[in-house]
Amino acid sequence: MADITGDQRIQSEVLEGLAMAVNHRRWFVELALPYLGENPIEIGSGLGDYALEWAERVPRFTATEADPDRLVQLKERLADHPNIDVRQMLLPASDAAGEYSAAVSYNVLEHIEDHVGALRSMAELVRPGGRIILIVPAFMFAMSQVDIATGHIRRYTKKTMRAAMTEAGLTIEKLHYANALGLIGYYTATSIFKLAPKEGPMVKIYDSLVLPVTKAAESLVKPPFGQSVFVVAKVPG
């Protein structure tokens, strides 16, 4: 089992702040939707914001969390949603079942030392032909004290993500950067001004004014850089 890395209090503060970025979350929800199938599992559900939105679009959804305290909060928040199962999970996992249509994991892989082993575990959770859908932070030059405090071991490029997927035996179907303006804003805030992405006016301004423009532009032309790497890979049949 992998250790849970990073300061859990700081992680929770960042998650709570980013929960206010509704347009950002809905954009990233939409990116995964075509690949989820009817019974996906999310690795690292955090506060459950993505789980709640995805679960509205699929018959069955499984949310997971590694941190015991956050798992309790997640179960309480999702208790009134009968189509959502909640379980504790650490990657690499030893109880993979191969029963899910897809495994989706946003901003988790960068916390795991053995990220290739984690990808293989995700693949074992998914039946042949299903998808692994990931978002991870991009570019090591943007590694900040916020990344370190929240337990980030690495940030990715398309090249390093492709290498990890290939080593894990997965076939990439889609791979691109997302949120180009977000990378500029994140680097400025965290590396230059030493700020954390917590709830506040800057997050709200970015989400309401900047994010819609970025999303519209990137729907037409994929950017050469971004705050995140988005990837979809197929589990061998």
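By full-length UniProt numbering, the letter at position 174 of the sequence shown is numbered 174, and the numbering carries on one by one without gaps. Note that beta-carbon positions come from the ideal geometry of N, C-alpha and C, so glycine has one too.
Query: contact_flag[the segment 117–132, the segment 212–227] where n(CB pairs < 8 angstroms) is 3 or more; Result: no
Query: Runs of alpha helix (DSSP H) wholly within the segment 106–149 (minimum 4 residues, chain order); Result: 115–125 and 145–149
Query: Beta-ladder partner(s) of Ser228, from DSSP; Result: Pro137 and Ala178
Query: Coil, strand or helix - Glu167 by DSSP; Result: helix
Query: In DSSP terms, what Ile41 is bridged to; Result: Thr62 and Ala103
Query: Proximity below 9 angstroms, CB of Ala103 to CB of Gln88; Result: no
Query: Identity of the residue in Pro59, Phe28, Tyr50 and Glu167 nearest Asn39 by Cα; Result: Pro59
Query: Tyr106 beta carbon less than 9 angstroms from that of residue 239; Result: The question about residue 239 has no answer here: the residues shown for the chain are numbered 1 through 237.
Query: Ala189 - DSSP class collapsed to helix/strand/coil; Result: helix
Query: Distance, Met161 Cα to Lys174 Cα; Result: 11 angstroms
Query: Cα-Cα separation, Pro92 to Ile153; Result: 16 angstroms
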